[in-house]
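Residue numbers (numbering that gives the first Met the number 0), protein chains in the order written: chain Z, 0 to 330; chain X, 0 to 309; chain P, 0 to 452.
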Amino acid sequence: MTRPLLEVEDLAVEFDTHGGTVKAVRGVSFSLQEGQTLAVVGESGCGKSVCVQSLVGLIPMPPGRITKGSARLHGEEILGYETLGGKRVRGQMIGMIFQDPMTSLNPTMRIGDQIAEPLCLHRGMRRRDARKRAIELLELSQVAEATKRARQYPFEFSGGMLQRVMIACALACEPRILIADEPTTALDVTIQAQILSLMRDLQQERRMSLILITHDLGVVAQMADEVVVMYAGKVVETGSSDDIFYSSGHPYTQGLKSAMPQNQDRRAQRLEPIAGSPPDLFDPPQGCGYFDRCPQAMRVCEQHHPPDVALGKPLHRCACWLHDERASDDD
Amino acid sequence: MWRYTFKRLIQGIVTVWFIATATFFVMHFVPGDPLSDARATSEQIRKNLEARYGLDKPLAEQYYIYLKNIASGDLGISFTQQNREVNDIIREHFPVSAALGVLAVVFAALGGILWGALTALFRNRMPDIVIMFFVVLGVSVPSFVFAALGQLSLVTLNDWLGTSILPVAGWGSVQHLLVPSLVLGLGTMAFLTRLMRSSMLEVTGADYVRTARAKGLNATQIFIRHQLRNAILPVVTVLGPAIATITTGGFVVEIVFAIPGLGRFFVQSVQQLDYTVIMGTTVFYGGFLVFMVIAVDLVYGLIDPRVRVR
Amino acid sequence: MSAAELDFSPAERSTEAARIVRPSLSYWQDAWRRLRQNPRTMTSLVIVIGLLAFTLAGPWIWRVDPANQDLDQLSIPPGAPRSAFIVEPYRAWTRSAPVPGAGLRLAEEASTQRVRLVWDTREDSPAFEVFRDNYPPTATALGIPLGEVLLSDGLAFEDRLALEPTTYYYSIVPVDADNHLLMNARETIKVDVKRVITLEGARQRGLIAEDARMQVGDQVRLALHPLGTDYLGRDMLARLMHGARVSLFIGIVAPLLYVLLGVAYGSIAGFVGGATDQLLMRFADFVVALPFLLFMILFKVLFGIGPGESGIVPMLVALVILGWPATARLVRGQILQIREESYVSAARLMGSPTGYLIARHMIPNTLGVILVTLTFAIPSAIFTEAFLSFIGMGVAPPTPSWGSMSNEGIKTMLVSPHELILPAIFISVTVLAFNLLGDGLRDALDARMRSVE
Numbered sequence: 000m001t002r003p004l005l006e007v008e009d010l011a012v013e014f015d016t017h018g019g020t021v022k023a024v025r026g027v028s029f030s031l032q033e034g035q036t037l038a039v040v041g042e043s044g045c046g047k048s049v050c051v052q053s054l055v056g057l058i059p060m061p062p063g064r065i066t067k068g069s070a071r072l073h074g075e076e077i078l079g080y081e082t083l084g085g086k087r088v089r090g091q092m093i094g095m096i097f098q099d100p101m102t103s104l105n106p107t108m109r110i111g112d113q114i115a116e117p118l119c120l121h122r123g124m125r126r127r128d129a130r131k132r133a134i135e136l137l138e139l140s141q142v143a144e145a146t147k148r149a150r151q152y153p154f155e156f157s158g159g160m161l162q163r164v165m166i167a168c169a170l171a172c173e174p175r176i177l178i179a180d181e182p183t184t185a186l187d188v189t190i191q192a193q194i195l196s197l198m199r200d201l202q203q204e205r206r207m208s209l210i211l212i213t214h215d216l217g218v219v220a221q222m223a224d225e226v227v228v229m230y231a232g233k234v235v236e237t238g239s240s241d242d243i244f245y246s247s248g249h250p251y252t253q254g255l256k257s258a259m260p261q262n263q264d265r266r267a268q269r270l271e272p273i274a275g276s277p278p279d280l281f282d283p284p285q286g287c288g289y290f291d292r293c294p295q296a297m298r299v300c301e302q303h304h305p306p307d308v309a310l311g312k313p314l315h316r317c318a319c320w321l322h323d324e325r326a327s328d329d330d
Numbered sequence: 000m001w002r003y004t005f006k007r008l009i010q011g012i013v014t015v016w017f018i019a020t021a022t023f024f025v026m027h028f029v030p031g032d033p034l035s036d037a038r039a040t041s042e043q044i045r046k047n048l049e050a051r052y053g054l055d056k057p058l059a060e061q062y063y064i065y066l067k068n069i070a071s072g073d074l075g076i077s078f079t080q081q082n083r084e085v086n087d088i089i090r091e092h093f094p095v096s097a098a099l100g101v102l103a104v105v106f107a108a109l110g111g112i113l114w115g116a117l118t119a120l121f122r123n124r125m126p127d128i129v130i131m132f133f134v135v136l137g138v139s140v141p142s143f144v145f146a147a148l149g150q151l152s153l154v155t156l157n158d159w160l161g162t163s164i165l166p167v168a169g170w171g172s173v174q175h176l177l178v179p180s181l182v183l184g185l186g187t188m189a190f191l192t193r194l195m196r197s198s199m200l201e202v203t204g205a206d207y208v209r210t211a212r213a214k215g216l217n218a219t220q221i222f223i224r225h226q227l228r229n230a231i232l233p234v235v236t237v238l239g240p241a242i243a244t245i246t247t248g249g250f251v252v253e254i255v256f257a258i259p260g261l262g263r264f265f266v267q268s269v270q271q272l273d274y275t276v277i278m279g280t281t282v283f284y285g286g287f288l289v290f291m292v293i294a295v296d297l298v299y300g301l302i303d304p305r306v307r308v309r
Numbered sequence: 000m001s002a003a004e005l006d007f008s009p010a011e012r013s014t015e016a017a018r019i020v021r022p023s024l025s026y027w028q029d030a031w032r033r034l035r036q037n038p039r040t041m042t043s044l045v046i047v048i049g050l051l052a053f054t055l056a057g058p059w060i061w062r063v064d065p066a067n068q069d070l071d072q073l074s075i076p077p078g079a080p081r082s083a084f085i086v087e088p089y090r091a092w093t094r095s096a097p098v099p100g101a102g103l104r105l106a107e108e109a110s111t112q113r114v115r116l117v118w119d120t121r122e123d124s125p126a127f128e129v130f131r132d133n134y135p136p137t138a139t140a141l142g143i144p145l146g147e148v149l150l151s152d153g154l155a156f157e158d159r160l161a162l163e164p165t166t167y168y169y170s171i172v173p174v175d176a177d178n179h180l181l182m183n184a185r186e187t188i189k190v191d192v193k194r195v196i197t198l199e200g201a202r203q204r205g206l207i208a209e210d211a212r213m214q215v216g217d218q219v220r221l222a223l224h225p226l227g228t229d230y231l232g233r234d235m236l237a238r239l240m241h242g243a244r245v246s247l248f249i250g251i252v253a254p255l256l257y258v259l260l261g262v263a264y265g266s267i268a269g270f271v272g273g274a275t276d277q278l279l280m281r282f283a284d285f286v287v288a289l290p291f292l293l294f295m296i297l298f299k300v301l302f303g304i305g306p307g308e309s310g311i312v313p314m315l316v317a318l319v320i321l322g323w324p325a326t327a328r329l330v331r332g333q334i335l336q337i338r339e340e341s342y343v344s345a346a347r348l349m350g351s352p353t354g355y356l357i358a359r360h361m362i363p364n365t366l367g368v369i370l371v372t373l374t375f376a377i378p379s380a381i382f383t384e385a386f387l388s389f390i391g392m393g394v395a396p397p398t399p400s401w402g403s404m405s406n407e408g409i410k411t412m413l414v415s416p417h418e419l420i421l422p423a424i425f426i427s428v429t430v431l432a433f434n435l436l437g438d439g440l441r442d443a444l445d446a447r448m449r450s451v452e
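Dropping the structure here:
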């Protein structure tokens, strides 16, 4: 196994609010291989966006705070650093696209200029060259009539088109990693598929790594090589896409799967919602965060956080007491 | 854009017609007689005067003549200052008010944008608290108090320095203009500062600012290239009404600082019941404000592409 | 961690996993809760209540006629000493006794009754010019000239010109034969003037009882003016209270009326819709375009102010005529918007009658906005009244209003600033309080912010 492109270790993020300190991310570790797609999955508020945005310093500080942990790109620390080897971490090393393309672009700036902006500022390109490059990038993102479109403003575009523009923008400086934070949530289903396949094509073409944040297991199945499942600010299970879908080890992952519609031949398929709501992260529980909602909860889960254990496959790991040998005795 | 401009201009003309009509009828129903003062001594003089001002004709015809004159740019002859055309009066006094007003608008707009941006950047820290304290003061203190305080501080300053570096009252040079226009702009500046602050805060939390950060721009680049322009937009939209406030607020400043502007003249003419001057000045001010608002809207169209393309 | 501590048996839990933690609050309960939590709003609320008490109850406690002139105390600042000594009635100066000393000096103790100066003769000066100033004189400014004294009149001068109990600087300048002032030879003396009153005067003014036994040299206290007097000797506190009645009456009643008018107009336009709506709103647009202050002045001319009238009603009417369109636009917009909201459609789908829709959705969702508009309309109406009264187009004298008091105060700004500052402070504090109250109300009533906390 080669050294991973990005290694995140024991990352913790807190937010100071009027109501107290929210412990949004509580010790998260994962790694990303060159050229692969990593999906970070979990329900709203589980800390997946915060976790990934804090890697590139995108969370507002204050009130946000990275309390511990490290993130190494090519083996070098990037947490708290703006640049790495003369290149800016944000924009040049890591590109990002966001959930709502309609509001993520400056409404008073021409599309072409917004794409050309990082080229001028980071690469010192001349304005004219940068504009030309912006048009090429638009074409690459399959925006029709790119020359004309580059002179237009965001309100003249549809949501799907704007997400293509966002992709062109993020790829302008040829980053090694693209972070996509729920890139298709705000889009129509038909457009979703187009955007996803565009992202996959561009990723393969450029041998880029992709971090995909989503709560949509369908998207995960379509795109991901590796999956990280997060719950209440912690990673509950990691593994390859197959591991997660066919031999998931954590009750939460199983719960997520049974809440997802499946295209299989089951006559009376019934979606099972996960009852209850996630724990209060102002005062996170001592034990397993899923304890309150877990159908298989045991007494031990309430007070003791489960250790991370490997489940057979090299990268398949899960944090649940059910995998403790003492638990299986009782069953 | 051209069609929009044309439409706005037509609307403006209709509005000015409404203002002129309202002025005409309000003034027509003023109790008393415009010629009741000492000048109309004999019946004959009275007749002559009535004929001269067209007061002997039926109301509808008077209204028609009045509108026709306004359309041809003739606002009539003053009642109290014989043989002086209202146009001449406006030509003489309005530039003074305009110079004062323009400078005040510039002070207010630049100050508002600057202070507003500063308070937003230093949100909830000392500069923000201090500036916002003055802003609250600025929107709560009436303009004549500012004028009085401005004059008082000028007197004190000149006393303290022993020389007169800035004149306390009167008209004639740029120095005469500085303090009155600053005083005139203060209230609006405070109002614009507050608007700019909230608009900046809104913009700071906007998704496209996050995108700009994700693109690797530093804080200064983001501020200049993305935040400022978007935050100024709401400030520009209220500039039209702000010009109106400053224009009429000028009355007080002109009175306190003894500046021979149109505002002071208007107040005088009301006290003397100089009908034609009152009507002429009101229509002139009304038209001026209507077209200033249109001008501001058109300028807004130039900076906001969402309006421009439509 | 030893194995004995860990219990792997199934957990028993209470079934009520999802409990409602917060009590449910109605819109107004929630708004009130937020309002109470905002210290600035509560302070401004206290100020507003205080102002209302000052206005309504004040004149019952401080029973001084605001039109009454106290000619002994003109333009006195707040807290000025008000004791006076009883003196003999004025008698002409006989100049019988010689005054010891040399140079410019006082012949007798200076009082508000008279200041008597004597000085020594001087060669080649057939006359002297006498000046008085409130400040130490400079080479160029000696104050007001009191008169010329010829040598033949004797070397003495008596000043009885509007004397105040303060410190004066008297200067005499010799005049040479060619009528030139010899500025280099001037002499200046600092004189502290004592306030005095005759026994008769004190009785007339009711400062002492008719049968009181007082003699020359005794002290009496002049009428109390806690906030001083204006240039006509009228009590500032009484005038501020009565002025508050005018200012607050216009400031509260006018917005109340025009907001109500605007609500009625806007709701009709919003509910009826169609061509009526277009017509109504076009008219509102025209009224908005009228230059506000100019038309306030025109209306004031139109309604005129007869003798003895205060001019309050004309101003009220003018404010209502010009003020309503903003509220009308707002309410119409709210109603059109709410009609399109999905919760209204949902309620309609569930078969709610129109009356219920209006009571349950339209009113609660517009009332907040209307309340906020009203709160912000009050300071602007107070400003308008003050502005108009200040340029002499508002309430007619002698009716006091804060604006007309400021107008009078600015004339004496340099010598007695309290006459401008006091009404200005009242206007500012009132406007500030209502502005802050409006801010607080807006924050408290903004339904969008309710869930965020």
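Glycine included, C-beta positions come from ideal geometry on N, C-alpha and C. In this text the structure is predicted, and so the values were computed from the model without any measurement.
Taking the CA atoms as reference points, Y3(X) sits about 18 Å from R281(P). Interface annotation, M392(P): in contact with chain X, CB-CB separation under 8 Å. A423(P) counts as buried, since no fewer than 16 other beta carbons sit within 10 angstroms of its beta carbon. Remark: C-beta atoms of M195(X) and Q226(X) do not approach each other more closely than 8 Å. Three or more pairs of CB atoms, one per stretch, sit closer than 8 Å, so the region 225-238 of chain P contacts the region 399-407 of chain P. By alpha-carbon distance to R150(Z), the top candidate from L170(Z), L195(Z) and I110(Z) is I110(Z). Three or more pairs of CB atoms, one per stretch, sit closer than 8 Å, so the region 140-151 of chain X contacts the region 177-188 of chain X. At least one beta carbon of chain P lies nearer than 8 Å to the beta carbon of C300(Z). Residues of chain P with a Cβ closer than 9 Å to the Cβ of M26(X) are, in chain order, L297, V300 and L301. Nearest C-alpha to P97(P) among R81(P), L370(P), L116(P) and P80(P): L116(P). In the DSSP secondary-structure assignment, Q68(P) is bridged to R233(P). In the three-state scheme derived from DSSP, where H, G and I count as helix and E and B as strand, E236(Z) is classed as strand.
Measuring C-alpha to C-alpha distances from L181(P) to each of R220(P), I420(P), L141(P) and S400(P) identifies L141(P) as the nearest. In the DSSP assignment, Y167(P) falls outside any alpha helix (DSSP H) and within the unbroken beta strand (DSSP E) covering T166 to V174. I293(X) is positioned such that its CB atom lies no closer than 8 Å to that of R90(X). One finds P290 in chain P with Cβ atoms closer than 7 Å to the Cβ of L288(X), taken in chain order.
Annotation for Y230(Z): the continuous beta strand (DSSP E) segment containing it runs E225 to Y230. DSSP, read as helix, strand or coil, puts C317(Z) in strand.
Under the Cβ criterion of 8 Å, A443(P) is not counted among the residues facing chain Z. Using a CB distance below 9 Å, the part of the region 151-178 of chain Z facing chain X consists of Q151, Y152, P153, F154, E155, M165, C168, A169, A171, C172 and I178, ordered along the chain. Scanning Y89(P), F248(P), I369(P) and A263(P) for the CA closest to the CA of L279(P) turns up A263(P). Secondary structure note for L10(Z): its beta strand (DSSP E) is the uninterrupted segment L5 to T16. The C-alpha of P106(Z) lies about 48 Å from the C-alpha of I164(X).
Segment contact: the region 102-121 of chain X against the region 186-195 of chain X, three or more CB-CB distances shorter than 8 Å; contact assigned. Think of a sphere of 7 Å around the beta carbon of H303(Z): the chain P residues whose beta carbon falls inside it are L5, in chain order.
For the pair N82(X) and I88(X), the Cα-to-Cα distance works out to about 11 Å. When the alpha-carbon of N178(P) is set against those of P125(P), A243(P), E209(P) and R62(P), the nearest one is in P125(P). Beta-bridge annotation (DSSP): V117(P) is paired with R104(P) and A155(P). Exclusion of the five residues before and after G169(X) leaves H175 and A257 as the residues of its chain whose Cβ lies within less than 7 Å of its Cβ.
For L419(P), the chain X residues whose C-beta falls within less than 7 Å of its own C-beta are A147, listed in chain order.
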